[in-house]
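**Q** Please find one structure pasted underneath; my questions will follow.
Protein chains: 2
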Amino acid sequence: MNYRMKVQYDGTRYQGWQRQSGSSATIQGKIEEVLTRQAGRSVRIDGAGRTDAGVHAIEQIANVHLPESFAVSPDELRTVLNEYLPEDIRILHMERAGERFHSRLHATGKQYRYHLMKWDSEQVFLRKYSWKMTEALDIQSMQEAAGHLLGEHDFKSFCTKASKKKTTVRQLTQIQIEETEHEVLLIFEGSGFLYNMVRILTGTLVEVGTGSRRPDEIPEILERKERKYAGETAPAKGLFLVKVYYD
Amino acid sequence: MNYRMKVQYDGTRYQGWQRQSGSSATIQGKIEEVLTRQAGRSVRIDGAGRTDAGVHAIEQIANVHLPESFAVSPDELRTVLNEYLPEDIRILHMERAGERFHSRLHATGKQYRYHLMKWDSEQVFLRKYSWKMTEALDIQSMQEAAGHLLGEHDFKSFCTKASKKKTTVRQLTQIQIEETEHEVLLIFEGSGFLYNMVRILTGTLVEVGTGSRRPDEIPEILERKERKYAGETAPAKGLFLVKVYYD
Numbered sequence: 170m171n172y173r174m175k176v177q178y179d180g181t182r183y184q185g186w187q188r189q190s191g192s193s194a195t196i197q198g199k200i201e202e203v204l205t206r207q208a209g210r211s212v213r214i215d216g217a218g219r220t221d222a223g224v225h226a227i228e229q230i231a232n233v234h235l236p237e238s239f240a241v242s243p244d245e246l247r248t249v250l251n252e253y254l255p256e257d258i259r260i261l262h263m264e265r266a267g268e269r270f271h272s273r274l275h276a277t278g279k280q281y282r283y284h285l286m287k288w289d290s291e292q293v294f295l296r297k298y299s300w301k302m303t304e305a306l307d308i309q310s311m312q313e314a315a316g317h318l319l320g321e322h323d324f325k326s327f328c329t330k331a332s333k334k335k336t337t338v339r340q341l342t343q344i345q346i347e348e349t350e351h352e353v354l355l356i357f358e359g360s361g362f363l364y365n366m367v368r369i370l371t372g373t374l375v376e377v378g379t380g381s382r383r384p385d386e387i388p389e390i391l392e393r394k395e396r397k398y399a400g401e402t403a404p405a406k407g408l409f410l411v412k413v414y415y416d
Numbered sequence: 170m171n172y173r174m175k176v177q178y179d180g181t182r183y184q185g186w187q188r189q190s191g192s193s194a195t196i197q198g199k200i201e202e203v204l205t206r207q208a209g210r211s212v213r214i215d216g217a218g219r220t221d222a223g224v225h226a227i228e229q230i231a232n233v234h235l236p237e238s239f240a241v242s243p244d245e246l247r248t249v250l251n252e253y254l255p256e257d258i259r260i261l262h263m264e265r266a267g268e269r270f271h272s273r274l275h276a277t278g279k280q281y282r283y284h285l286m287k288w289d290s291e292q293v294f295l296r297k298y299s300w301k302m303t304e305a306l307d308i309q310s311m312q313e314a315a316g317h318l319l320g321e322h323d324f325k326s327f328c329t330k331a332s333k334k335k336t337t338v339r340q341l342t343q344i345q346i347e348e349t350e351h352e353v354l355l356i357f358e359g360s361g362f363l364y365n366m367v368r369i370l371t372g373t374l375v376e377v378g379t380g381s382r383r384p385d386e387i388p389e390i391l392e393r394k395e396r397k398y399a400g401e402t403a404p405a406k407g408l409f410l411v412k413v414y415y416d
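Encoded structure:
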């Protein structure tokens, strides 16, 4: 029996989504721990996005195959999980899925959102979930730079530890830059994202926003295909996995 | 020299606004500590609202008289305070005020907001700043009950440890009930509020919302003038002091 779940988490206390050997706390590890105890045998789950340590999720999607003998309704399973999971990890929704559904392999796109707190704002309730700027941002320049990133590119320069065997070509379908009273939000949508890619894109766009880079440097950075030419990796705490898309 | 400041804080870690003897951490105490160290003599500040332990503030107003010898611009004073204060207390704004300005005595009204998380929502990022309901709320009944609370009344039943000497008559000018996707927000405005008053009003309105009280019980509760007739005191973590009004 295959179950599909929507998971929300505050990543502050965790070493990211993906289970690790040893005792480090991960979201996947916490959910598997509860399921394994309930099912009475070792259970493995798959998540659509392997968020880094400290990164949050509004709606992560995961799926799990449970033995037929462990007959439980999706609602019961959700209730049990929420009862035993720590309160910074919540199952928002649970449903039956087709036996062949795989949350990661079948995902067609993802939306991430990065929160920048404006340099002259001092918002206490945003402090743990945004990157505080130290100077003003030129939104128009950032938008111009974002234009160069849209579409299909080899994002090797925007990836930490790129694999030599796997492709680093990805399709960025949207970069929206929204200004609110206290924040600048960067909303990224694409078919898939490389390791640290959203955080490096954000770090680079911020360098454009503060004027330490020009928007027209972006095509060159893409062309160089080396991590060192892009900007710094933005802190994890400002990043949220917002949505996973399926056909 | 009299300075007026806007203060925002996350009340989670504090024993409320008001300084206490001993070592308990309070917002007033933390700010006075930094000012005293900077001014080189004991400094006392006044705050408009004495929020309880665990209650938050979006915009608390306080004022402080500093010696002429400690000549510093409002912006410098704000910068120094934010440098030394813990990051869950921030000075949003600082300005010179007339010598006679007193943040509490001159306040003409306040706005408080209480956050209720809907029973079927499991929002991780609201968990520390809302009261999670265990059943659905009937908003229309709550609105009807709120109607009975508006205007000038003796709110003695809605006050913990009412003073025998001081009046418990207050004017409630607005109770707005707003429903969002995951929350029900209660927005209270009035000339002044008694100890725990907003939390007891909230607790009572929630009991109406769940059907364990009828809206038309409110006039009777007001009339009885005894704490035990009103509902339970809602948890501190869902309450925010939003605004202080002056003429």
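Line by line, the protein sequences give chains A and B.
First residue of the first sequence: 170, per this note's numbering; consecutive thereafter.
First residue of the second sequence: 170, per this note's numbering; consecutive thereafter.
We put the beta carbon where it would ideally sit given N, CA and C, even for glycine.
Note that the structure is a prediction, hence the values are computed from the model and not measured.
Which bits of chain B does residue 501/A rub up against, with CB to CB less than 8 Å?
**A** Outside the shown range of chain A (170 to 416) lies residue 501/A, about which nothing can therefore be said.
**Q** Is the distance from the Cβ of residue 342/A to the Cβ of residue 364/A below 9 Å?
**A** In this structure, residue 364/A does not lie closer than 9 Å to residue 342/A by Cβ.
**Q** Over what stretch of residues does the alpha helix (DSSP H) that includes residue 199/A continue unbroken?
**A** 196-208
**Q** Output, in sequence order along the chain, the residues in the region 244-275 of chain B whose CB is closer than 8 Å to any CB in chain A.
**A** 251, 256, 257, 258, 259, 260 and 261
**Q** Where does the unbroken beta strand (DSSP E) through residue 312/A begin, and where does it stop?
**A** First-last for residue 312/A: 308-318, but that is the alpha helix (DSSP H), not the beta strand (DSSP E).
**Q** Taking only beta-carbon positions, decide if residue 291/B is within less than 9 Å of chain A.
**A** yes
**Q** Going by beta-carbon coordinates alone, are residue 240/A and residue 170/A separated by less than 9 Å?
**A** yes
**Q** I need the straight-line Cα distance from residue 336/B to residue 286/A, nearest angstrom please.
**A** 44 Å
**Q** Checking the sheet assignment: what are the DSSP bridge partners for residue 226/B?
**A** 178/B and 410/B
**Q** Please list, in chain order, the residues of the region 293-310 of chain A that have any C-beta partner in chain B closer than 8 Å.
**A** Residues of the region 293-310 of chain A that bring their beta carbon within less than 8 Å of a beta carbon in chain B comprise 293, 294, 296 and 298, in sequence order.
**Q** Could you tell me whether the Cβ of residue 414/B comes closer than 9 Å to any Cβ of chain A?
**A** Interface annotation, residue 414/B: not in contact with chain A, CB-CB separation never under 9 Å.
**Q** Within a Cβ cutoff of 6 Å, which residues of the same chain sit near residue 361/A, ignoring the five residues on either side of it in sequence?
**A** 339
**Q** I'd like the ranges of any alpha helix (DSSP H) spanning at least 4 consecutive residues and lying wholly in the region 345-377 of chain A.
**A** none
**Q** Do you know offhand how far residue 373/B's Cα is from residue 195/A's?
**A** Their Cα atoms are separated by approximately 40 Å.
**Q** For residue 179/A, which residues in chain B fall below 9 Å Cβ to Cβ?
**A** 293, 294 and 296
**Q** Using the Cα positions of residue 207/B and residue 263/B, report the straight-line distance between them to the nearest angstrom.
**A** Between the C-alpha atoms of residue 207/B and residue 263/B there is a straight-line separation of about 16 Å.
**Q** Express the C-alpha separation of residue 395/A and residue 218/A in angstroms, rounding to a whole number.
**A** Rounded to whole angstroms, the separation of the alpha carbons of residue 395/A and residue 218/A is 24 Å.
**Q** Could you check where the alpha helix (DSSP H) with residue 261/B kicks off and where it finishes?
**A** Segment 258-266 is the beta strand (DSSP E) holding residue 261/B; no alpha helix (DSSP H) there.
**Q** Just the C-alpha distance for residue 229/A and residue 356/B, rounded to the nearest angstrom, thanks.
**A** 33 Å
**Q** Does the CB of residue 225/B have a neighbour CB from chain A at under 9 Å?
**A** yes
**Q** Would you check if the distance between the CB atom of residue 259/A and the CB atom of residue 292/B is smaller than 9 Å?
**A** yes
**Q** Count Cβ pairs between the region 209-226 of chain B and the region 240-249 of chain B that sit closer than 8 Å; are there 3 or more?
**A** no
**Q** For residue 312/A, which residues in the same chain have their Cβ closer than 6 Å to its Cβ, ignoring the five residues on either side in sequence?
**A** 346
**Q** What are the boundary residues of the beta strand (DSSP E) that residue 215/B is part of?
**A** 214-216
**Q** Does the beta carbon of residue 328/A fall short of 8 Å from some heavy atom of the ligand NAD?
**A** What this structure holds is no ligand at all, so the ligand NAD is not there to describe.
**Q** What's the call for residue 403/A, buried or exposed, on a 16-neighbour Cβ count within 10 Å?
**A** buried
**Q** If we ignore side chains and look at the alpha-carbon of each, how far apart do residue 177/A and residue 184/A end up?
**A** 15 Å
**Q** Quick one: what does DSSP say residue 269/A is sitting in, helix, strand or coil?
**A** DSSP places residue 269/A in coil when its eight states are reduced to three.
**Q** With distances taken Cα to Cα, identify the nearest neighbour of residue 175/A among 200/A, 189/A and 191/A.
**A** 200/A
**Q** By Cβ distance, which residues of its chain are closer than 8 Å to residue 308/B, with the 5 residues on each side in sequence left out?
**A** Closer than 8 Å at Cβ, skipping near neighbours: 346, 348, 353 and 378.
**Q** By how many angstroms is the C-alpha of residue 182/B removed from the C-alpha of residue 253/A?
**A** 25 Å
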